[in-house]
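S.K.: Under our numbering, the first sequence has 1296 at position 78, and the numbering climbs by one with no breaks. Don't be surprised by glycine CBs; every beta carbon is placed ideally from N, CA and C. I have a structure here, written as structure tokens, and I will follow up with some questions on it.
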Amino acid sequence: MPRESKAARTARAAEILTRLKAEYPDAHCELDHENAYQLLAATILSAQCTDARVNLVTPALFRRYPDPAALAAASPADVEELIRSTGFFRNKAKSLIGMAQALVADHGGEVPRTMEALRPIPGVGRKTANVILGNAFGINEGITVDTHVKRLAGLLRLTRESDPEKVERDLMPLFPQEDWALLSHLLIWHGRRTCIANRPRCGECVVAELCPSRREA
DNA sequence: ATCCCGAGGG
DNA sequence: CCCTCTGGAT
């Protein structure tokens, strides 16, 4: 079994991107938000939780805490109650309040626009920082690698790594930088609708011919 | 490597 | 019962 050449993998990646763009012309971030602060809070809540469930709790959360200053002064118990159904609610409440306090203390109540400034904020790892940069500010500094992106990138053999940061480094040279944020949404949409974990619908998959992992239904 | 944690699907 | 859902901190 000869390993696929770099040129062949690059060409395959380009075709995958083309087909997914055609299949999901409306792919976008499905976390409801009106500004960077709301997206940051919603993304923190999205850990190990569906977007749909996050969207169930954020309206009340944002009504009670409309800005970082309000959330920075919140009581943990109150925030915990509002976000309980998203899971990990104690950690997430602590992160949300800590995040708001950091915005107020270090960034004039605004969400910063660089990876270096975002990463030290409580609850913000590289994945969350990439979501904010790419979707709130249109800055494609990296690629958001979540559970779907990681799973599909592996199945499509665009990487053999499992560490998200290594997956990200493998993906970056395979796709145009201006498409990085869109790429994540396309893989996430495809992962939810067709390449479902534990039940991939290879018979309905538009990139099945490009996928080394495809199976007969 | 392990913990945090709830909800839904199969 | 199992797995999965846009992870991060220790």
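Okay, do the region 1356–1371 and the region 1406–1417 touch, 3+ Cβ pairs below 8 Å being the bar?
M.R.: These segments touch.
S.K.: Nearest by alpha-carbon distance to residue 1266: which of 1346, 1433, 1288, 1279 is it?
M.R.: Selected option, being the one with the closest Cα: 1346.
S.K.: Is residue 1402 buried or exposed, if buried means 16 or more other CB atoms sit within 10 Å of its CB?
M.R.: Buried, by the Cβ-count rule.
S.K.: Exposed or buried, residue 1422, counting other C-beta atoms within 10 Å across all chains shown (16 or more means buried)?
M.R.: Counting Cβ neighbours within 10 Å, residue 1422 comes out exposed, since fewer than 16 surround it.
S.K.: What do you get for residue 1380, buried or exposed, if any count of 16 or more other CB atoms within 10 angstroms of its CB means buried?
M.R.: Residue 1380 comes out exposed.
S.K.: How many angstroms separate the CA atom of residue 1341 from the CA atom of residue 1225?
M.R.: Computed Cα separation, rounded: 38 Å.
S.K.: Since I believe residue 1260 is in contact with residue 1272 (beta carbons under 8 Å), could you give me their beta-carbon distance rounded to a whole number of angstroms?
M.R.: At roughly 5 Å, the Cβ-Cβ gap stays under 8 Å, so residue 1272 and residue 1260 are in contact.
S.K.: Could you check whether the region 1243–1255 touches the region 1269–1286, counting it as contact only if at least three pairs of C-beta atoms, one from each stretch, sit closer than 8 Å?
M.R.: The region 1243–1255 vs the region 1269–1286: in contact.
S.K.: Span of the alpha helix (DSSP H) holding residue 1255?
M.R.: That run of the alpha helix (DSSP H) goes 1254–1263.
S.K.: Please list the terminal residues of the continuous alpha helix (DSSP H) segment that includes residue 1389.
M.R.: Element bounds for residue 1389: 1382–1389.
S.K.: Taking the alpha carbon of residue 1327 as the point to measure from, which residue in 1431, 1307, 1286, 1385 has its own alpha carbon closest?
M.R.: Nearest option by C-alpha distance: 1286.
S.K.: For the region 1320–1374, list the alpha helix (DSSP H) runs that are entirely contained and at least 4 residues long, ordered along the chain.
M.R.: As far as the region 1320–1374 is concerned, its whole alpha helix (DSSP H) runs of at least 4 residues are 1333–1336, 1344–1354, 1365–1373.
S.K.: In this structure, how does DSSP classify residue 1420 when only helix, strand and coil are distinguished?
M.R.: Here residue 1420 sits in helix by DSSP.
S.K.: What residues are listed by DSSP as bridge partners for residue 1414?
M.R.: 1417, per the DSSP bridge assignment.
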